[in-house]
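Asks: In my numbering, each residue carries its 1-based index in the sequence shown increased by 451.
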Amino acid sequence: MLIEHPPKIFRLLTPGLFRMPEEGGRRVYLTFDDGPIPEVTPWVLDTLDRYGIKATFFMVGDNVRKYPEVFEEVMRRGHRAGNHTMHHLQGAKTRTEDYLRDVEEADRLIGSDLFRPPHGWMRRPQTKRLSKRHRIVMYDIVTRDYSRRIDARRVVENVKRYARPGSIIVFHDSLKSIDKLRTALPEAIEWLIAEGYSFGTL
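1. Between which two residues does the alpha helix (DSSP H) holding residue 526 run?
2. Starting from residue 498, trace the beta strand (DSSP E) both ways and give me its first and last residue.
3. Going by DSSP, name the residue or residues bridged to residue 533.
4. Less than 8 Å separating the beta-carbons of residue 639 and residue 607?
5. Just verifying my parser: in three-state terms, what is the DSSP assignment at residue 584?
6. Quick one: complete alpha helix (DSSP H) runs, 4+ long, within the stretch 585-647?
7. So the candidates are 619, 584, 623 and 579; which of them puts its Cα closest to the Cα of residue 598?
8. Excluding five sequence neighbours on each side, which residues of the same chain lie with their C-beta closer than 8 Å to the C-beta of residue 467?
9. Tell whether a beta-carbon distance below 8 Å holds between residue 576 and residue 525.
10. Since residue 530 and residue 507 should fall inside the 8 Å C-beta cutoff, what is the C-beta to C-beta distance between them, to a whole number of angstroms?
Structure representation (structure tokens):
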């Protein structure tokens with residue numbers, strides 16, 4: 452549960468990081484981490500198009516460098532991009548100056564004011580410095596679509612269990628996730644629609 456849904460104390464202390472304010476209606480925010488890659492991201496885009504949904508993609512700068520045409524396609528279809536560092540660095544394991552340089556390198560390719568730390572964790576000096584130039588965005592639900600320990604049904608159940616108005620939901624457009632994503636993403640979207648949710652970008 453601590454993985455799928457951040458502890459309540461975190462959400463209460465920093466509500467803007469983990470969940471969007473309710474602005475009337477039932478709105479959730481689909482986000483995708485770790486792309487863009489040609490094996491997965493185009494399929495995600497086609498799936499979102501099928502339901503008329505716009506999402507926010509937190510991109511690894513090195514993937515943007517390697518696959519600029521996939522990055523451009525995400526933007527062409529009207530989605531938002533966010534920075535997920537250049538090399539998917541863990542803040543807790545990286546010196547602050549090195550971490551900031553990595554984020555800045557990704558900034559030059561992605562050009563977004565949104566930032567999400569890989570693994571959802573940074574040290575305080577990193578957070579303080581980055582928050583001066585970026586809006587740091589965490590999440591309300593981690594679907595765990597990347598995990599080998601769960602199947603697509605459990606991914607959908609994570610969405611059903613924790614979704615509420617304002618939820619920021621994390622999927623991954625990655626090779627680790629695609630086997631579950633092909634089933635779980637359409638099923639999760641259809642359940643959210645049936646429950647009366649609409650979809651926004653960050």
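We put the beta carbon where it would ideally sit given N, CA and C, even for glycine.
Replies: Reading it off the structure:
1. Taking the first residue of the sequence shown as 1, we reach residue 526 at position 75. Residue 526 -> alpha helix (DSSP H) spans 519-527.
2. The count along the sequence shown starts at 1 and reaches residue 498 at position 47. Residue 498 -> not in any beta strand (DSSP E); alpha helix (DSSP H) instead, spanning 492-502.
3. Within the sequence shown, residue 533 is the residue found at index 82, counting from 1. Residue 533 pairs with 509.
4. Along the sequence shown, one-based indexing puts residue 639 at 188. Along the sequence shown, one-based indexing puts residue 607 at 156. Cβ atoms of residue 639 and residue 607: closer than 8 Å.
5. Residue mapping note: residue 584 aligns to position 133 of the sequence shown, counting from 1. Residue 584: coil per DSSP, three-state reduction.
6. 603-613 and 629-645
7. As a working note, residue 598 is residue 147 in the sequence shown. If we check each option's Cα against that of residue 598, 623 comes out closest.
8. Here the question's residue 467 lines up with position 16 in the sequence shown. Because the pLDDT at residue 467 is just 48, under 50, the model does not fix this residue reliably, and the value given afterwards should be weighed accordingly. Same-chain partners within the cutoff: there are none.
9. Translated into positions along the sequence shown, residue 576 becomes position 125. Translated into positions along the sequence shown, residue 525 becomes position 74. Going by C-beta atoms, residue 576 is not nearer than 8 Å to residue 525.
10. To locate residue 530, count along the sequence shown from 1; it is residue 79. To locate residue 507, count along the sequence shown from 1; it is residue 56. At roughly 7 Å, the Cβ-Cβ gap stays under 8 Å, so residue 530 and residue 507 are in contact.
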